[in-house]
Amino acid sequence: MCNRQQDEVLRLENVSVRRGTFSLNQISFSVSAGEIMAILGRTGAGKTLLLETAAGFCRPEAGRVLCLGEDVHKTPVHRRNIGYLYQDLSLFPHMTAAANIGYGLALRRLPREEIRTRVEEIAQRFGILRILNQYPGTLSGGEQQRVALARALMVQTPLLLLDEPFSALDPVTREELCCLVRDVCQEFQCAVVLVTHDFREATTLAHRIGVLLDGRLRGIVPAVELFRADWDDEARSFLGLKPNTRE
77 MCNRQQDEVL RLENVSVRRG TFSLNQISFS VSAGEIMAIL GRTGAGKTLL
127 LETAAGFCRP EAGRVLCLGE DVHKTPVHRR NIGYLYQDLS LFPHMTAAAN
177 IGYGLALRRL PREEIRTRVE EIAQRFGILR ILNQYPGTLS GGEQQRVALA
227 RALMVQTPLL LLDEPFSALD PVTREELCCL VRDVCQEFQC AVVLVTHDFR
277 EATTLAHRIG VLLDGRLRGI VPAVELFRAD WDDEARSFLG LKPNTRE
């Protein structure tokens, strides 16, 4: 598996991007190998647009996005080496769980036996060995989520972007998967950016958390400082905190 040092993987430098009447404004942050960054925000805050910009799907009007030092928007798609897990998981319904997980390796034309071995290794880690021959339509929501996450991690990209991946799961399964993803990503030394509206999910999974409201990143703090940091009043309201007192 990957064994990168704690190097910077993703950097956004004063990124501004517009979609229709909505815009993200001067977003800056970086994420290192083995680190998980969560971006918290309401529906419509710009979380998905931020991920799509980081992945290179949306070109910023200003600023730049760097992955391993290369400008993502100047890098051909096949060379970006960025994993992206959509909220709807996007599993192939006509493929077994094993084929879904190994899809990225098959595209790279790895030997069939190597693909089988690596699929079984990660399936063992995610507790889904027994369902490898089943199709997505026969799996529970938690099982589908494990398959999708295993597929995203299988190709060992240095950067993984997660768009509210646990939102459809019950609280117990969500927390279990959060802990598993954190362990696996640290083992593989992937940098992860997760967007979510769920405070518990963010604090369970992430090392640092940013608050995104109305297209502006209000700050980034260590996860343990989320409810103690000096936020502006709008961010405090979103977090359920009392307004700052002013003399």
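Using my numbering, the letters of the sequence shown map in sequence onto residues 77 to 323.
By construction, the Cβ of each residue, glycine as well, lies at the ideal position given by its N, Cα and C atoms.
The structure displayed is predicted, hence computed values, not measured ones.
What's the C-alpha gap between residue i and residue j?
i      : j      : result
THR249 : LEU88  : 32 Å
LEU225 : ARG276 : 19 Å
LEU293 : ARG94  : 15 Å
ASN274 : GLY122 : Reading the sequence as shown, one finds Asp at residue 274 and not Asn. Spanning the two alpha carbons is a distance of roughly 15 Å.
ARG307 : GLU137 : Looking at the sequence shown, residue 307 is not Arg but Trp. Straight-line Cα distance between these residues: approximately 27 Å.
ASP164 : GLY145 : 30 Å
GLN102 : GLU196 : 43 Å
PHE303 : ARG118 : 17 Å
LEU186 : PHE202 : 22 Å
ASN320 : GLY295 : 16 Å
GLU310 : LYS318 : 10 Å
THR97  : GLY139 : 19 Å
GLU84  : ALA175 : 32 Å
ALA305 : ARG222 : 33 Å
MET113 : ILE204 : 26 Å
GLN262 : GLY110 : 5 Å
ALA173 : ASP259 : 22 Å
GLN232 : GLU219 : 21 Å
ALA278 : ARG194 : 29 Å
ARG155 : ARG188 : 23 Å
GLY316 : GLU252 : 25 Å
GLY120 : LEU256 : 28 Å
GLN200 : GLY213 : 21 Å
Would you mind giving the Cβ-Cβ distance between residue i and residue j, rounded to the nearest angstrom? I have them listed as a contact below 8 Å.
i      : j      : result
ALA244 : LEU86  : That pair is no contact at about 26 Å.
LEU181 : ILE191 : 5 Å
SER99  : GLY217 : Their Cβ separation, rounded to whole angstroms, is 34 Å, which puts SER99 and GLY217 out of contact at 8 Å.
PHE314 : LEU281 : PHE314 to LEU281, Cβ: 19 Å. No contact.
LEU215 : ILE158 : At roughly 26 Å, the Cβ-Cβ gap does not stay under 8 Å, so LEU215 and ILE158 are not in contact.
LEU142 : ALA228 : The Cβ separation is near 21 Å, so there is no contact.
GLY178 : MET230 : 7 Å
VAL91  : THR124 : At roughly 15 Å, the Cβ-Cβ gap does not stay under 8 Å, so VAL91 and THR124 are not in contact.
Could you check where the alpha helix (DSSP H) with residue i kicks off and where it finishes?
i      : result
ASP309 : 309-314
ASN176 : 173-177
ARG135 : Careful: ARG135 lies outside any alpha helix (DSSP H) and carries neither H nor E.
VAL260 : 247-264
TRP112 : Correcting the residue identity first, residue 112 is Ile in this sequence and not Trp. That residue, ILE112, is in no alpha helix (DSSP H); its beta strand (DSSP E) goes 112-116.
LEU317 : Here LEU317 belongs to no alpha helix (DSSP H), and DSSP marks it neither H nor E.
GLN210 : Looking at the DSSP string, GLN210 is not in any alpha helix (DSSP H), and its letter there is neither H nor E.
GLN200 : 188-202
LEU225 : 217-230
ARG324 : Beyond the ends of the chain as shown, which are 77 and 323, falls residue 324; an answer cannot be given.
Is residue i near residue j, with beta carbons less than 8 Å apart?
i      : j      : result
VAL107 : VAL269 : yes
VAL271 : GLU301 : no
ARG312 : PRO298 : no
LEU127 : LEU237 : yes
PHE242 : CYS254 : yes
What are the boundary residues of the beta strand (DSSP E) that includes residue i?
i      : result
GLN102 : 98-108
GLU84  : 84-95
ILE158 : 158-161
VAL268 : 267-272
ILE296 : 292-298
ILE285 : 284-289
LEU237 : 235-239
Under 8 Å between C-beta atoms, does residue i make it to chain D?
i      : result
PRO247 : No chain D appears in this structure, which consists of one protein chain only.
Discussion item. Does the contact criterion of 3 or more C-beta pairs under 8 Å hold for the region 205-213 versus the region 140-151?
Written reply: Between the region 205-213 and the region 140-151 there are fewer than three inter-stretch CB-CB distances shorter than 8 Å, so the stretches are not counted as touching.
Worksheet item: Is the region 168-183 touching the region 125-133 in the sense that three or more CB pairs, one from each, lie closer than 8 Å?
Response: Contact fails: fewer than three Cβ-Cβ distances are below 8 Å.
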